[in-house]
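Written below as structure tokens is the structure these notes are about.
Number of protein chains: 2
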Amino acid sequence: MTVVMENIHDPHNVSAVLRSCDAAGVMDVQLIYTDVDFPDIGKKSSASAKKWVELRRFKNVNDCYKKLHEEGFTIFATHLEKKAKSLFDVNMTKKVAIVVGNEHEGVSLEAAQSADGIIQIPMFGMIQSLNVSVATAVILFEAVRQRIAAGQYDKSKYSDMELTKLLKTWAMKE
Amino acid sequence: MTVVMENIHDPHNVSAVLRSCDAAGVMDVQLIYTDVDFPDIGKKSSASAKKWVELRRFKNVNDCYKKLHEEGFTIFATHLEKKAKSLFDVNMTKKVAIVVGNEHEGVSLEAAQSADGIIQIPMFGMIQSLNVSVATAVILFEAVRQRIAAGQYDKSKYSDMELTKLLKTWAMKE
Numbered sequence: 023m024t025v026v027m028e029n030i031h032d033p034h035n036v037s038a039v040l041r042s043c044d045a046a047g048v049m050d051v052q053l054i055y056t057d058v059d060f061p062d063i064g065k066k067s068s069a070s071a072k073k074w075v076e077l078r079r080f081k082n083v084n085d086c087y088k089k090l091h092e093e094g095f096t097i098f099a100t101h102l103e104k105k106a107k108s109l110f111d112v113n114m115t116k117k118v119a120i121v122v123g124n125e126h127e128g129v130s131l132e133a134a135q136s137a138d139g140i141i142q143i144p145m146f147g148m149i150q151s152l153n154v155s156v157a158t159a160v161i162l163f164e165a166v167r168q169r170i171a172a173g174q175y176d177k178s179k180y181s182d183m184e185l186t187k188l189l190k191t192w193a194m195k196e
Numbered sequence: 023m024t025v026v027m028e029n030i031h032d033p034h035n036v037s038a039v040l041r042s043c044d045a046a047g048v049m050d051v052q053l054i055y056t057d058v059d060f061p062d063i064g065k066k067s068s069a070s071a072k073k074w075v076e077l078r079r080f081k082n083v084n085d086c087y088k089k090l091h092e093e094g095f096t097i098f099a100t101h102l103e104k105k106a107k108s109l110f111d112v113n114m115t116k117k118v119a120i121v122v123g124n125e126h127e128g129v130s131l132e133a134a135q136s137a138d139g140i141i142q143i144p145m146f147g148m149i150q151s152l153n154v155s156v157a158t159a160v161i162l163f164e165a166v167r168q169r170i171a172a173g174q175y176d177k178s179k180y181s182d183m184e185l186t187k188l189l190k191t192w193a194m195k196e
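Going line by line, the protein sequences match chains C and E. Counting with the numbering used here, you get residues 23 to 196 for the letters of the first sequence. Counting with the numbering used here, you get residues 23 to 196 for the letters of the second sequence.
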């Protein structure tokens, strides 16, 4: 499972998304920044999550999606539109990439149209929007729920050798 | 469904929890502030959610839980401990109150011990904690999922007359 952040400007939001990813066991996150530079995620605010989550940067949607497709991911963009499927009706036990967008405009039209599917969180309030890190967490933990139910957490997907390598990589980061 | 916030100090966190509540259709929130005054939720940051969510204030855990029990709520506190049940194994389709705690210490021992049950979100990362508004949203939307699956959203729980009254109350708030 992976998360794609598209043009999220506020470093606090980037950090908060990373923290949600870490908590849900997501270890790789893709960043697409087409209209601005990659945000400088302050050492302090993102502190721990940045250390555990691997970031991959792309300059456009196409490059990112191409790479993810090559790696076997099905790409779901979060977007408010009629053909969006409820998060709870999507099978999240496969290799899925979740695209979350900008604080103000959501994901771009290009990122939505090129995705394999559109999902949305059913909401019942008057505001009809969630902070991006909150929405990401709700989606990721629904995936966690489905994966627990499917017995996918019973064994680690990493071999002992891979785990040792990961631990070494982490140890070498500040 | 209702949420109990215990001694959450940061007004931004209070606002963020209220926004998550609104999105999940929670219309009543309880505040327990034993060690500090009730936070002044800035008009700007909490903007919309504060308008739609009804707040009830308590000076101690006992008064709050007593009131909720009288109203028929089962109270679940979020707390890290061995006897905690996974969120995904708890029936959230009944009348449930979710207690979320302070940013730093979580819910108090009193609030945990007096609750009817302890729940936790299964986490897999290195940090093992979520921001309080994120955790609240993950719990509330699991309840939403269960309630959708149980067909509880097919009809409004409000009569037309009650809805008209609610709309009037909202219209009168700034």
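Think of the CB as a built atom: it goes at the ideal place given N, C-alpha and C, for glycine as much as any other residue.
Cutoff 9 Å: Pro144 (chain E) Cβ touching any chain C Cβ: By one-based count along the second sequence, residue 144 (chain E) stands at place 122. Pro144 (chain E) has a beta carbon lying within less than 9 Å of a beta carbon in chain C.
Same chain, Cβ closer than 8 Å to Pro144 (chain E), neighbours up to 5 away in sequence not counted: If you number the second sequence from 1, residue 144 (chain E) lands on position 122. Around Pro144 (chain E): Ser108, Leu109, Phe110.
Asp50 (chain E) - DSSP class collapsed to helix/strand/coil: As a first step, residue 50 (chain E) must be located in the second sequence, where it is residue number 28. Taken through DSSP and simplified to helix, strand or coil, Asp50 (chain E) comes out as strand.
Same chain, Cβ closer than 7 Å to Ala134 (chain C), five either side skipped, listed in chain order: If you number the first sequence from 1, residue 134 (chain C) lands on position 112. These residues qualify, in order along the chain: Ala99, His101, Ile140.
First and last residue of the uninterrupted beta strand (DSSP E) at Asp30 (chain C): Against the first sequence, residue 30 (chain C) aligns to sequence position 8. Reading off the sequence shown, one finds Ile at residue 30 (chain C), where the question assumed Asp. No beta strand (DSSP E) holds Ile30 (chain C); DSSP gives it neither H nor E.
Classification of Asp85 (chain C) by the beta-carbon crowding that lies within 10 angstroms, buried from 16 upward: As a working note, residue 85 (chain C) is residue 63 in the first sequence. Exposure of Asp85 (chain C) is indicated by the presence of fewer than 16 other C-beta atoms within 10 angstroms of its C-beta.
Residues of its chain near Glu103 (chain E), where Cβ-Cβ distance is below 7 Å and the 5 sequence neighbours each way are ignored: As a working note, residue 103 (chain E) is residue 81 in the second sequence. Ile140, listed in sequence order.
is_contact[Ser67 (chain E), chain C] using C-beta, thresh 9 Å: Taking the second sequence and counting its residues from 1, the one referred to as residue 67 (chain E) is at position 45. The predicted position of Ser67 (chain E) is uncertain, since its pLDDT is 46 and thus under 50; a value taken from the coordinates is nonetheless stated next. For Ser67 (chain E), the answer is no, since every Cβ of chain C falls outside 9 Å of its Cβ.
For Ala99 (chain C), the first and last residue of its enclosing beta strand (DSSP E): Counted from its first residue, the first sequence places residue 99 (chain C) at position 77. First-last of the beta strand (DSSP E) with Ala99 (chain C): 96 to 100.
Nearest-angstrom beta carbon gap, Ala137 (chain C) and Ile97 (chain C) [assumed within contact, 8 Å]: As a position in the first sequence, residue 97 (chain C) is number 75, starting the count at 1. As a position in the first sequence, residue 137 (chain C) is number 115, starting the count at 1. The Cβ separation is near 5 Å, so the contact holds.
Spatial distance of Lys89 (chain E) from Glu164 (chain C) (CA atoms): Residue 89 (chain E) sits at position 67 when you count from the first residue of the second sequence. Residue 164 (chain C) sits at position 142 when you count from the first residue of the first sequence. Rounded to the nearest angstrom, the two C-alpha atoms are 32 Å apart.
When C:Ala45, C:Met183, C:Tyr55 are compared against Pro33 (chain C), the one with the closest alpha-carbon: The count along the first sequence starts at 1 and reaches residue 33 (chain C) at position 11. By alpha-carbon distance to Pro33 (chain C), the top candidate from C:Ala45, C:Met183, C:Tyr55 is C:Tyr55.
Reference Gln174 (chain C), options C:Lys117, C:Val121, C:Ser151, closest by Cα: Here residue 174 (chain C) corresponds to residue number 152 of the first sequence, with the count starting at 1. Here the closest residue by C-alpha is C:Lys117.
Any C-beta of chain C under 9 Å from that of Leu86 (chain E): The sequence position of residue 86 (chain E) within the second sequence is 64, counting from 1. According to the sequence displayed, residue 86 (chain E) carries Cys and not Leu. Chain C contact via Cβ: absent.
Cutoff 9 Å: Glu184 (chain E) Cβ touching any chain C Cβ: Within the second sequence, numbered from 1, the residue matching residue 184 (chain E) stands at position 162. Under the 9 Å criterion on CB atoms, Glu184 (chain E) is classed as non-interfacial with respect to chain C.
Cβ-based neighbour list, Asp50 (chain E), same chain, cut-off 6 Å, excluding 5 preceding and 5 following: On the second sequence, residue 50 (chain E) is found 28 positions in, with the first residue counted as 1. Counting only residues of its own chain and dropping the five nearest sequence neighbours on each side, Asp50 (chain E) has a CB closer than 6 Å to the CB of Thr24, Glu76.
Contact with chain E by Phe98 (chain C), beta-carbon distance below 9 Å: Translated into the one-based positions of the first sequence, residue 98 (chain C) becomes position 76. No, its Cβ sits nowhere closer than 9 Å to a Cβ of chain E.
Partners in chain C for Val160 (chain E), counting only beta-carbon separations shorter than 7 Å: One-based indexing of the second sequence puts residue 160 (chain E) at position 138. Listed along chain C, the residues sitting closer than 7 Å to Val160 (chain E) by beta-carbon distance are Ala159, Val160, Phe163.
Below-9 Å beta-carbon distance, Ile140 (chain C) vs any chain E residue: Position 118 of the first sequence holds residue 140 (chain C). No, no contact with chain E.
Residue of E:Asp44, E:Ser42, E:Asn29, E:Ala46 minimising C-alpha distance to Leu53 (chain E): Position 31 of the second sequence, counting from 1, holds the residue named residue 53 (chain E). It is E:Asn29 whose Cα lies nearest to the Cα of Leu53 (chain E).
Cβ neighbours of Val166 (chain E) in the same chain (closer than 6 Å, five flanking residues each side left out): Within the second sequence, numbered from 1, the residue matching residue 166 (chain E) stands at position 144. Cβ neighbours of Val166 (chain E) beyond the five flanking positions: Ala46.
Bridge partners - Lys117 (chain E), DSSP secondary structure assignment: Position 95 of the second sequence holds residue 117 (chain E). Looking at the DSSP output, Lys117 (chain E) bridges to nothing.
C-beta contact flag for Val39 (chain C) and Ser155 (chain C) at 9 Å: Start at 1 with the first residue of the first sequence, and residue 39 (chain C) comes out as number 17. Start at 1 with the first residue of the first sequence, and residue 155 (chain C) comes out as number 133. Cβ atoms of Val39 (chain C) and Ser155 (chain C): closer than 9 Å.
Closer than 9 Å to chain C by CB, Ile30 (chain E): Within the second sequence, numbered from 1, the residue matching residue 30 (chain E) stands at position 8. Look at Ile30 (chain E): its C-beta is not under 9 Å from any C-beta on chain C.
Environment of Gly123 (chain C) [buried if 16+ CB atoms lie within 10 Å]: Within the first sequence, the letter at position 101 stands for residue 123 (chain C). Buried: at least 16 other Cβ atoms inside 10 Å.
In DSSP terms, what Glu76 (chain E) is bridged to: The residue given as residue 76 (chain E) occupies position 54 in the second sequence. Paired residue(s): E:Asp50.
Same chain, Cβ closer than 8 Å to Asn35 (chain E), neighbours up to 5 away in sequence not counted: Indexing the second sequence from 1 puts residue 35 (chain E) at position 13. Cβ within range, chain order: Glu125, Asn153, Val154, Ser155.
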